[in-house]
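*Asks:* Mind having a look at this structure? Questions to follow.
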Amino acid sequence: MYEYVPPDKQDPMHLEWMKEALSMAEEAMEAHEVPVGCVFVREGKVIARARNRTNQLRNATRHAELEAIDEIFDSPSLTPTPIPPYPLSQTDLYVTVEPCIMCASALRQLGLRATYFGAANERFGGCGSVLDVNERPSSVHPPYRASFGYLREECIMILRRFYMTENTNAPIPKTKARRILKTFIPDPTGAKKPPSVHPAIENQSSPDVPSEHYRAYMINLNLSNRVPAPWLAARSLAPIFKRALICVYSGPFT
Numbered sequence: 001m002y003e004y005v006p007p008d009k010q011d012p013m014h015l016e017w018m019k020e021a022l023s024m025a026e027e028a029m030e031a032h033e034v035p036v037g038c039v040f041v042r043e044g045k046v047i048a049r050a051r052n053r054t055n056q057l058r059n060a061t062r063h064a065e066l067e068a069i070d071e072i073f074d075s076p077s078l079t080p081t082p083i084p085p086y087p088l089s090q091t092d093l094y095v096t097v098e099p100c101i102m103c104a105s106a107l108r109q110l111g112l113r114a115t116y117f118g119a120a121n122e123r124f125g126g127c128g129s130v131l132d133v134n135e136r137p138s139s140v141h142p143p144y145r146a147s148f149g150y151l152r153e154e155c156i157m158i159l160r161r162f163y164m165t166e167n168t169n170a171p172i173p174k175t176k177a178r179r180i181l182k183t184f185i186p187d188p189t190g191a192k193k194p195p196s197v198h199p200a201i202e203n204q205s206s207p208d209v210p211s212e213h214y215r216a217y218m219i220n221l222n223l224s225n226r227v228p229a230p231w232l233a234a235r236s237l238a239p240i241f242k243r244a245l246i247c248v249y250s251g252p253f254t
């Protein structure tokens, strides 16, 4: 199982390592891969970092975690010979999304100490969402701790941004012009939190907005005439790939 750690209880050190993982996820996004990134940390230092490369290598097993593990095993300074029974026993994993069942099992067999991730993986998660591979009773491999919630919203939003785009690797691409990017992220504890903007809007905060009550957003032009707008907006600044950058007032309404 995993433990949810609310923002006010999160260790700043864990957040710094998660930022490193999120940077790798952004790199995956730019490479048209599912945006998942990770770093392995040992004794306060990153010893390996990787991103998803399944499309690039045409190999469904090349998840970020396994890519980084290969990097560790390829380094004699990180993995001595002969290889110890649990080479990751002093190592922690920071990954943007809960490891899948395959990766969670590999991590346990290698004796990982702990994993920290941003978003739960409700379809394939191996640390509690689908199966609790990390803590399932075993007479062979030791369990490892799992906790999540670190930069959770950022980790979820990068996945949503990816799945709004066309999948150029699909055999028969399906148009996604009518899809709406959802910006409301439910609280994992069940507490209700209203969305800050209309769900047709993607938050793209910009330093060039006029005041603290304004933020810049991207809106799909194909939807803008058919979606009600319960917010005050300034004029469009410029169309960008069938979208417009608009400045939206998000302060108090009178």
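Residue numbers for the sequence shown follow the UniProt record's numbering, beginning at 1 and rising by one.
Yeah, the Cβ is synthetic: ideal placement off N, Cα and C, and Gly gets one too.
Give the straight-line distance between the Cα atoms of residue 102 and residue 146, rounded to the nearest whole angstrom.
*Replies:* In the sequence shown, the residue the question calls residue 102 occupies position 102. In the sequence shown, the residue the question calls residue 146 occupies position 146. Distance between the alpha carbons of residue 102 and residue 146 is about 15 Å.
*Asks:* What do you reckon, are the CB atoms on residue 155 and residue 124 nearer than 9 Å?
*Replies:* Here residue 155 is taken as the residue at index 155 of the sequence shown, counted from 1. Here residue 124 is taken as the residue at index 124 of the sequence shown, counted from 1. Contact check for residue 155 against residue 124 fails: the beta carbons are separated by 9 Å or more.
*Asks:* Just mark residue 69 as buried or exposed, buried being the case when its beta carbon has 16 or more other beta carbons within 10 Å.
*Replies:* Working through the sequence shown from its first residue, we reach residue 69 at position 69. So residue 69 counts as buried.
*Asks:* Could you tell me whether the stretch 24 to 43 touches the stretch 88 to 98, where touching means 3 or more Cβ pairs closer than 8 Å?
*Replies:* yes
*Asks:* Tell me which residues share the same chain as residue 225 and place their Cβ nearer than 6 Å to its Cβ, disregarding the 5 neighbours each side in the sequence.
*Replies:* Residue 225 sits at position 225 when you count from the first residue of the sequence shown. Annotation note: pLDDT 38 at residue 225 (below 50); position unreliable, coordinate value reported separately. Closer than 6 Å at Cβ, skipping near neighbours: no residue.
*Asks:* Near residue 22, which residues of its chain fall below 8 Å by C-beta distance, leaving aside the five closest residues on each side in sequence?
*Replies:* Here residue 22 refers to the residue found at position 22 when the sequence shown is read from its first residue. Correct list, in chain order: 37, 96, 118, 151, 154, 155, 158.
*Asks:* Determine whether the beta carbon atoms of residue 136 and residue 29 lie at a separation below 9 Å.
*Replies:* Counting from 1 along the sequence shown, the entry for residue 136 is found at position 136. Counting from 1 along the sequence shown, the entry for residue 29 is found at position 29. Not a contact, by the Cβ cut-off of 9 Å.
*Asks:* How long is the line joining the alpha carbons of residue 67 and residue 8, rounded to whole angstroms?
*Replies:* Taking the first residue of the sequence shown as position 1, residue 67 is located at position 67. Taking the first residue of the sequence shown as position 1, residue 8 is located at position 8. Looking at the two C-alpha atoms, the distance is approximately 32 Å.
*Asks:* If you check the beta carbons only, do residue 62 and residue 53 fall under 9 Å apart?
*Replies:* Counting from one through the sequence shown, the residue named residue 62 turns up at place 62. Counting from one through the sequence shown, the residue named residue 53 turns up at place 53. Cβ distance < 9 Å, so residue 62 and residue 53 count as in contact.
*Asks:* Let me know if residue 57 comes out buried or exposed under the rule of 16 or more other beta-carbons within 10 Å of its beta-carbon.
*Replies:* The sequence position of residue 57 within the sequence shown is 57, counting from 1. By the 10 Å Cβ count, residue 57 comes out exposed.
*Asks:* Going by other Cβ atoms of all chains shown within 10 Å of its Cβ, with 16 needed for buried, is residue 140 buried or exposed?
*Replies:* As a first step, residue 140 is located in the sequence shown; it is residue number 140 there, counting from the start. So residue 140 counts as exposed.
*Asks:* Could you tell me the alpha carbon to alpha carbon distance between residue 86 and residue 114, rounded to whole angstroms?
*Replies:* As a first step, residue 86 must be located in the sequence shown, where it is residue number 86. As a first step, residue 114 must be located in the sequence shown, where it is residue number 114. Rounded to the nearest angstrom, the two C-alpha atoms are 13 Å apart.
*Asks:* Any chance you could list the alpha helix (DSSP H) runs of at least 4 consecutive residues sitting entirely within the UniProt domain "CMP/dCMP-type deaminase" (12 to 138), in chain order?
*Replies:* 12 to 30, 54 to 57, 64 to 73, 101 to 109
*Asks:* Bridge partners for residue 3 per DSSP, in chain order?
*Replies:* By 1-based counting over the sequence shown, the position of residue 3 is 3. Paired residues: 147.
*Asks:* From what residue to what residue does the alpha helix (DSSP H) around residue 157 run?
*Replies:* The residue labelled residue 157 in the question sits at position 157 within the sequence shown. Judged by DSSP secondary structure, residue 157 falls within the alpha helix (DSSP H) whose first and last residues are 152 to 163.
*Asks:* Quick check on DSSP: helix, strand or coil for residue 8?
*Replies:* Counting from 1 along the sequence shown, the entry for residue 8 is found at position 8. Helix, per DSSP.
*Asks:* Find the nearest neighbour of residue 46 within the set 33, 31, 19, judged by alpha-carbon distance.
*Replies:* Position 46 of the sequence shown holds residue 46. The residue with the shortest Cα to Cα distance from residue 46 is 19.
*Asks:* Just to confirm, are residue 130 and residue 121 a CB contact at a threshold of 9 Å?
*Replies:* The residue you call residue 130 lines up with position 130 of the sequence shown. The residue you call residue 121 lines up with position 121 of the sequence shown. Going by C-beta atoms, residue 130 is nearer than 9 Å to residue 121.
*Asks:* Taking only the alpha-carbon atoms, compute the straight-line gap between residue 196 and residue 73 and give it to the nearest angstrom.
*Replies:* Locating residue 196 in the sequence shown gives position 196, where the first residue counts as 1. Locating residue 73 in the sequence shown gives position 73, where the first residue counts as 1. Because the pLDDT at residue 196 is just 46, under 50, the model does not fix this residue reliably, and the point stays unresolved.
*Asks:* Are the Cβ atoms of residue 60 and residue 24 separated by less than 9 Å?
*Replies:* By one-based count along the sequence shown, residue 60 stands at place 60. By one-based count along the sequence shown, residue 24 stands at place 24. No, they are not a contact pair.
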